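Numbered according to the numbering used here, the sequence shown spans residues 5 to 265. Working notes, structure below.
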Amino acid sequence: MKQSFLSKLHTNGIYYSIGALLLLIGVPLYQYLVLLPLGYSDAITSAEGGVLPPYLSWIGNHTIAFLGYRALSIIAFAALISLPFTLFRIIVAQELLGSEETEHAELEAGETDEDDRPHLDSQQEDSFELAGTTGEVREQGTSESGSTSTLSWRGKGFAVLAAWTGLLGIILYMLGSIASAIYSAGVGNGFTSHAAIPGNFQAISGATTIITYTVGGGLLAIASLFFGAMIVRSGLKLWPGVWVAFGYTALAVAALLSVSA
């Protein structure tokens, strides 16, 4: 089962790498090499200024290029859709491993102290046996308490919240992008700069923008903040240096998403 999990983790890692490369390199490169030569920057500038006809006219004249641009970002997020719960499992496993190592070190320290004690007489041995029996009960209680604290961490920690907000953020971002792309392409099909804009275009376009960037991006910012904080909190005591760097990167991404949302 462990081998199956590692194999699945390796496969997911490939998807995550593809998604990250598409977002960091593929989408900006496509915009620079394909969209900008077609006048995309002018269309976006006019749309941001409240003049929508040139933007819709550009979409109508370059529908394939526009849909290709949106498709790249949607595919990138689709490749990352299982990342939140993968991070959740890794963080939980690492936290449990760290707590077990701490308890094991404490038990070894206790055994070392017992080995260093001088031998007692028979009366002291009887008392020691009684104390040992009590100690076993206490040790069992401590173990159960440690297990309870572990379960308490799993239930009360921010890992569950981070996983669900991350998943919902990715889903809403994808759905908003798909709806926006389809609707904009439909309105822009055959649209001319002198044609009248549909009365509900701004309302629908605004709704898809809110779903995509405000809600979806906001949830992703929360997830990135929680994941990054959990990793950075333990630091190098529990995580390799690469993971600590990943934690700080997640915090930076959370800040950027919060600003853009």
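Don't be surprised by glycine CBs; every beta carbon is placed ideally from N, CA and C. Being a predicted model, the structure only gives us computed values, none of them experimental.
Between proline 58 and alanine 47, the C-beta gap is smaller than 8 Å, which places the two residues in contact. In the displayed model, glycine 161 falls within coil according to three-state DSSP, outside both helix and strand. A Cβ-Cβ distance of about 4 Å is found for the pair alanine 167 and proline 88, placing them in contact under the 8 Å criterion. Counting along the chain, the unbroken alpha helix (DSSP H) around alanine 80 starts and ends at 67–83. In the three-state reduction of the DSSP assignment, glycine 221 falls in the helix class, which pools H, G and I. Annotated three-state conformation of glycine 194 is coil, per DSSP.
About 6 Å separates the beta carbon of serine 184 from that of threonine 216, a gap short enough to meet the 8 Å contact definition. In this structure, the beta-carbon distance from glycine 251 to valine 236 falls below 8 Å. Residue state for leucine 56 is assigned as coil, using DSSP reduced to three classes. DSSP places asparagine 16 within a helical segment (H, G or I) once states are collapsed to three. Bounds of the alpha helix (DSSP H) holding isoleucine 208 are 205–213. When secondary structure is reduced to three states using DSSP, glycine 43 falls in the coil class, being assigned neither helix nor strand.
In its chain, beyond the 5 residues on either side, Gly72, Tyr73 and Leu76 have a beta carbon closer than 8 Å to the beta carbon of tyrosine 34.
By the criterion of a C-beta distance shorter than 6 Å, isoleucine 201 is surrounded in its chain by Leu56, once the five residues flanking it on both sides are discounted.
Excluding five sequence positions before and after threonine 213, the CB atoms of its chain that fall closer than 8 Å to its own CB belong to Gly180 and Ser184, given in chain order. A straight-line Cα-Cα distance of about 11 Å links glutamine 206 and alanine 51. In this chain, the alpha helix (DSSP H) harbouring proline 32 covers 31–34. Considering only Ala249, Ala254, Val246 and Ser238, the residue with the shortest C-alpha distance to leucine 101 is Ser238. Within the model, the alpha-carbon separation for lysine 12 versus lysine 241 is close to 27 Å. The beta carbon of glycine 192 lies closer than 6 Å to those of Leu60, Ile63 and Gly64 in the same chain, with the five residues before and after it left out. DSSP, read as helix, strand or coil, puts isoleucine 201 in coil. In the DSSP assignment, leucine 242 falls outside any alpha helix (DSSP H) and carries neither an H nor an E.
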